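K.L.:
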Amino acid sequence: MEIKELQIKHFGKFRNQSIRFHGGVNILYGENEMGKSTLHAFIRAILFGMEKERGRASKNNEYILHEPWDNPSYYAGTIRFESRQKVYRLTRNFSEKEKSAELFCETDGVELPADQEHIRELLDGFSEAAFCNTVFVGQRSSETASELADEIRNFVTNYQEEGTGELNVREALSQLKERRQDLERKRKQQQDEKTEKIKQTKEKIQKTEKVLSELRALVEEQNGQLIQKRDRRSQFIHSRQETERKPEKNMGLWMAAVLFQVLFGGLAVMISILDFSPWFLAVVAGVDLIVLVILFLQIQTKKQRAEKRNLDQQRKEEEIIKKMELEEEKLNGKQEIFQEEIRERMMQLGNMREVLAEAGEESEQDRIMDRKIAGLQIAENTIRELSSQMYQEFSENLNETVSDILARITRGRYTKIFLDEKLNIRIDAGDHLLYLYQVSRGTMDQIYFALRMAIGEFFFQEEKLPVILDDVFVMYDDRRLKEVLRWLFYSNRQVLLFTCHKRERELLQEIIREEA
């Protein structure tokens, strides 16, 4: 890939300006505050787009830093570049309210989709993160970001599997993880719901068993009361029957009548013996009759009174018996209600125990979900393992390439370095290994430069992207700078070097003269 031209309509301090580039090394000299870093940022923004951030992050947001003050809606530009022997023109409006992008192939005269995926194809499938960690280097940012290790692993796995970097292993892992975690959340939610259901069912069972116990106690208590009432009623009826069988108490009057008759009979005998006159006998007989009538009337009166008392007593006793029977009926009614409630509670208890047993068992749906979760976890582990194995094979070649570049730009002082999976660096000093912090800042910058360029070599298999550097050689002495420029000169790629020093141009001219 080669950048042909930048057309800046309005971006930062630039307005309606055009800058052309050629192949090979382009040195863009300018003093501080002349807009070199703005041009550097424009290239990134025009290729990958730019988002406006909010809150604390907006303080150092590129969108905010370069947004035109006088006309925020006119925030746009164009880049012309060659890729795969065709010239393209990409135009963007960065304005948040009027954001747009247009991609046009000048060679074919065809307008193309301007989505980021299509643009990325023209960049050899490179992401913005990989771009900024390899060929695009800003001021004081020669180190590679930690995310580059993931980019490399992703690219290596895809390249080994498909021969391209178009697939996204990291995205695949992310999607697998997201799906697995989603299933795990649902599984946990189901388990929590099941646990809560078991808890609630147990509580209901305990309450129902308590109610049943109380109902049975009431039934037992009322059974006792019912038995007592029945016994009292039976005793009352028996006592009444015994009373009815007893004879009436009129014996006194009857005995008086009999005695009077005996006496009267004796008196009549004596009168007849003594030969009283008949009229006297008649008087005595009349008296006897009167006395008998009086006694009979007294007996009848007493009998009637007794019968009346018996009738009243009988009515009272019948009322008492009816009252007893009514109380027994009420108790029987309550018993039936309690027994019906007990039957219903027993049925509920049986249903709840069935629910509890089912909730405690693992359902087929649970087993299916567990198998899916396990399958997704196996898929994740398999991809990671394959990625790690492929990276191990790739890292040997990467170590050799980084070591070769480092040996050339340090003129053989450091000829071998080692990188682990996280791109941690160890330097072979001949008789011992050095950590990165043990070397000078200048050497450290050289190592990071070699690492960036080596990774770029592997990433850009079909189309070498331009190396875009913004004052990154500040810590280099002239000797180091000259060797880096020499390597760039012979790298067979376009280089855009933004600098506030004139020595880069002077040293490059020396290299050109030496090779001539």
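Basically my numbering = 1-based index in the sequence shown + 1058. Note that the Cβ used here is the ideal one computed from N, Cα and C, for glycine as well. It should be emphasised that the depicted structure is a prediction, and the values quoted were computed from it without experimental measurement.
1. Comparing alpha-carbon positions, which option in D1489, C1558, F1079, T1468 lies nearest M1502?
2. Between which two residues does the beta strand (DSSP E) carrying Q1163 extend?
3. Kindly indicate the opening and closing residues of the beta strand (DSSP E) around T1149.
4. Over what stretch of residues does the beta strand (DSSP E) that includes R1484 continue unbroken?
5. Return yes when the Cβ of R1150 is within less than 9 Å of the Cβ of S1158, no when it is not.
6. With distances taken from CA atoms, which of D1128, Q1065, A1417 is nearest A1103?
7. Straight-line CA distance for R1537 to K1144?
8. Does DSSP put L1456 in a helix, in a strand, or in coil?
9. Buried or exposed: which applies to P1171, given that a residue is buried once 16 or more other Cβ atoms fall within 10 Å of its Cβ?
10. DSSP beta-bridge partners for I1077?
11. I believe K1094 touches F1556 by the beta-carbon criterion, under 8 Å. Please report the beta-carbon distance rounded to the nearest angstrom.
12. Do you know whose CA, among E1562, E1568, I1569, lies nearest L1086's CA?
13. Just mark E1220 as buried or exposed, buried being the case when its beta carbon has 16 or more other beta carbons within 10 Å.
14. What's the call for E1419, buried or exposed, on a 16-neighbour Cβ count within 10 Å?
15. Pick from I1485, G1514, L1566: whose alpha carbon is nearest that of I1505?
16. Strictly by DSSP, which residues pair up with L1009?
17. My guess is that V1460 and I1475 are in contact by the Cβ rule of under 8 Å, so how many angstroms apart are they, rounded?
18. By the three-class DSSP mapping on this structure, what secondary structure does Y1493 have?
19. Within a Cβ cutoff of 6 Å, which residues of the same chain sit near E1573, ignoring the five residues on either side of it in sequence?
20. If you measure between the beta carbons of G1070 and F1100, is that distance less than 9 Å?
21. S1292: buried (16+ other C-beta within 10 angstroms of its C-beta) or exposed?
22. Report yes if the C-beta distance between E1229 and F1106 is below 9 Å; otherwise report no.
23. So is G1135 buried or exposed if we call it buried at 16+ other beta carbons inside 10 Å?
24. Which residues does DSSP pair with R1138 in a beta bridge?
25. Taking M1410 and T1253 to be in contact with their CB atoms under 8 Å, please state how far apart those CB atoms are, rounded to whole angstroms.
26. Reducing DSSP to helix, strand and coil, say where D1528 ends up.
27. Can you tell me which of the three DSSP states F1184 falls into?
28. From R1245 to K1260, what does the alpha carbon distance come to, in whole angstroms?
29. Go ahead and label G1470 buried or exposed: buried means 16 or more other beta carbons lie within 10 angstroms of its beta carbon, across all protein chains shown.
30. Below 8 Å on the Cβ atoms is my guess for Y1548 versus V1542; work out the distance and round it to an integer in Å.
31. Grab the span of the alpha helix (DSSP H) containing E1026 for me, first residue to last.
32. Does DSSP put L1284 in a helix, a strand or coil?
33. When DSSP labels each residue in this structure, what does L1546 get in the three-state scheme?
34. Are the beta-carbon atoms of V1530 and G1196 separated by less than 9 Å?
35. Could you give the residue range of the alpha helix (DSSP H) that holds L1123?
P.N.:
The relevant details are as follows:
1. T1468
2. The sequence shown places Cys at residue 1163, rather than the Gln named in the question. Counting along the chain, the beta strand (DSSP E) containing C1163 begins and ends at 1158-1163.
3. 1144-1151
4. 1483-1486
5. yes
6. Q1065
7. 38 Å
8. helix
9. exposed
10. L1064
11. 4 Å
12. E1562
13. Its pLDDT being 45, under 50, E1220 is placed unreliably by the model, and the measurement read from it follows with that caveat. E1220 is exposed by the Cβ-count criterion.
14. exposed
15. I1485
16. Residue 1009 lies beyond the range of the chain shown here (1059 to 1574); nothing can be said about it.
17. 6 Å
18. strand
19. none
20. yes
21. exposed
22. no
23. buried
24. E1063, R1147
25. Not confirmed; about 16 Å, so no contact.
26. strand
27. coil
28. 22 Å
29. exposed
30. At roughly 11 Å, the Cβ-Cβ gap does not stay under 8 Å, so Y1548 and V1542 are not in contact.
31. This structure cannot settle anything about residue 1026, because the visible part of the chain is limited to 1059 through 1574.
32. helix
33. helix
34. yes
35. 1120-1124
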